[in-house]
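The UniProt record's numbering puts the first residue of the sequence shown at 1, with every later residue one more than the last.
Just so it is clear, CB atoms sit at the ideal spot from N, CA and C, and this is done for glycine as well.
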Amino acid sequence: MNRSRKQKIVYLIGTLDAGGAERQIIEVASRVHPDLFETRLYCLHGGGPLETLARERGVHLTMFHAFHRRNASIENASPIPFRRIRQFGALYRYLRREQPDIVHCYMFAPSVYGGWAARLSGCAHIITSRRCLGYFKDGKALLQMLENSVNRFSDRVLVNSLALRDDVLARERISDEKIELIYNGVDIERYAPQASNRAFVTHKKRELGIPDHAPVIGIIANLYRYKGHREFIIAASEVRQHYPDARFLCIGREGNMEQELQALIENYALQQHVKLVGGVTNVEDWLQLIDIQVSASYEEGFSNVILEGMSSGKALVATHVGGTPEAILDNETGLLIPPKDPQALSQAILRFLNAPAFASRCRENAVKRVKEYFSMEKMIDKFEKLYCSLSAS
């Protein structure tokens with residue numbers, strides 16, 4: 001790598017909504033060594049709740065939704081493809097002007113748009129990332145064709161779990177040598193219990209009507225069907241029979257299920273026990289309110305929030321899907337259950353509640369494991385080495 005000048009890196013993502021990939025890209029863009037790298041973050045579809053965090057971290061942002069004249073009648077009447085073409089043109093012009101050394105794209109649409117815009121504008125190196133399993137492409141040959149087209153000229157395709165690597169090799173036209181595994185990392189100090197968390201916990205328990213000594217079970221996931229909120233609520237109805245004071249929190253922004261979940265809560269008469277909290281940006285505070293954390297997803301690439309829970313010392317129950325078993329070792333750092341199985345979920349929660357010594361041992365093991373394998377420092381070091389290797393080639 002030529003160290004006489006900083007290497008310019010442009011990161012590309014859809015939005016800065018409160019999600020795991022969005023948090024990760026902010027962490028990477030703000031933490032790579034400032035003496036070696038100059039970073040920019042482009043958002044294809046605008047900002048979101050994490051925009052404030054990105055600016056606080058000193059991330060240089062460009063929002064491409066500004067190229068949509070929302071109030072102009074011609075824009076309101078124009079079809080989506082026209083807006084997408086104009087958006088692609090704006091991205092191409094920016095990249096051609098900036099000429100970054102590396103364009104690093106996160107998620108499907110930014111990888112397709114950004115990959116081709118970077119290629120046509122003459123950018124030196126292109127990285128695309130897979131953050132979730134490719135089920136969304138099933139039966140949609142065009143989507144896979146677009147992704148394969150970008151694979152031809154991408155220098156690397158990043159995955160964050162072995163499960164995701166296997167999925168990419170099975171679905172996509174790509175050589176094994178182009179795929180690189182970098183596990184997600186978590187800021188361990190940020191998610192460790194802090195004195196400042198106690199005031200938040202006291203306030204929220206009072207606000208939500210949670211008794212002081214009631215066990216709190218939480219799921220931190222946006223309200224989409226594949227995240228398993230239905231199973232979580234059904235399991236809550238069973239756990240309540242054994243622990244009447246138990247409280248259950250669904251923490252995550254609205255997706256497409258809020259009304260359905262609210263009806264399910266009412267059907268099981270759980271209005272006093274289950275709360276739909278909504279989206280939050282201070283996940284580290286909410287984790288300190290939770291005793292048992294649940295991940296009930298039907299599919300998963302590699303969950304950031306599971307690592308955050310491990311770092312916070314939570315007793316973890318998670319579905320055995322995707323890369324989750326690479327983080328959680330069953331009966332050692334948490335409990336793994338089949339997806340779409342509310343009975344298995346309720347039994348796992350009850351196992352922790354009935355055996356506090358076992359729960360404590362799992363929590364301690366989880367903290368040790370995340371420090372050893374999934375620290376933020378390890379992840380950033382691997383990103384820096386990747387960028388340096390590309391720039392030196």
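Per DSSP, the unbroken beta strand (DSSP E) holding V103 starts and ends at I102 to Y106. Under the 10 Å beta carbon count, S360 is surrounded by fewer than 16 other beta carbons and is classified as exposed. Contact check for A357 against G334 fails: the beta carbons are separated by 9 Å or more. By the 16-neighbour rule on beta-carbons within 10 angstroms, K275 is buried. Two segments are said to touch when three or more pairs of C-beta atoms, one from each, lie closer than 8 Å; by this definition the stretch 18–28 touches the stretch 46–57. The continuous alpha helix (DSSP H) containing G309 extends over residues N304 to S311. In the three-state scheme derived from DSSP, where H, G and I count as helix and E and B as strand, H60 is classed as coil.
Looking at the backbone, the Cα of H125 and that of I102 are separated by about 5 Å. Within the stretch 131–205, complete beta strand (DSSP E) segments of at least 3 residues are found at 156–159 and 179–181, given in chain order. A straight-line Cα-Cα distance of about 29 Å links N365 and I234. Per DSSP, the unbroken beta strand (DSSP E) holding G278 starts and ends at V274 to G278. Per DSSP, A214 lies in no alpha helix (DSSP H) and is assigned neither H nor E. In chain order, V28, V32 and I182 place their CB closer than 7 Å to the CB of F383, counting only its own chain and leaving out the 5 sequence neighbours on each side.
Beyond the five residues adjoining it in sequence on each side, P110 comes within less than 7 Å, by CB distance, of L12, I13, G14 and L44 in the same chain, given in chain order. Inter-residue distance for K8 and I217 is about 44 Å (C-alpha atoms, whole angstroms). By the Cβ-count criterion, M145 is exposed, with fewer than 16 other Cβ atoms from all chains shown falling within 10 Å of its own Cβ. Distance from the CA atom of L120 to the CA atom of R40, rounded to whole angstroms, is 19 Å. With the rule of 3 Cβ pairs closer than 8 Å, the stretch 220–228 counts as touching the stretch 280–300. Note that the C-beta distance between A221 and V305 is below 9 Å. The Cβ atoms of L143 and F153 do not sit closer than 9 Å to each other. Beta-carbon to beta-carbon, S311 and Y387 are separated by about 25 Å, too far to satisfy the 8 Å threshold.
Within 10 angstroms of the beta-carbon of R206 lie fewer than 16 other beta-carbons, which makes it exposed.
In the DSSP assignment, Y387 falls outside any beta strand (DSSP E) and lies within the alpha helix (DSSP H) extending over M376 to A392. The three-state reading of DSSP puts E38 in strand, counting E and B together. In terms of CA proximity to C132, L164 leads the group K368, L158, L164 and V283.
In the DSSP assignment, V317 falls within the unbroken beta strand (DSSP E) covering A315 to T319.
The beta carbons of M376 and I188 sit closer together than 9 Å.
A direct Cα-to-Cα measurement between W286 and V59 gives close to 25 Å. Between L353 and the set Q99, I85 and H242, the nearest pair of CA atoms involves H242.
When the Cα atoms are used, G323 and S161 turn out to be separated by approximately 5 Å.
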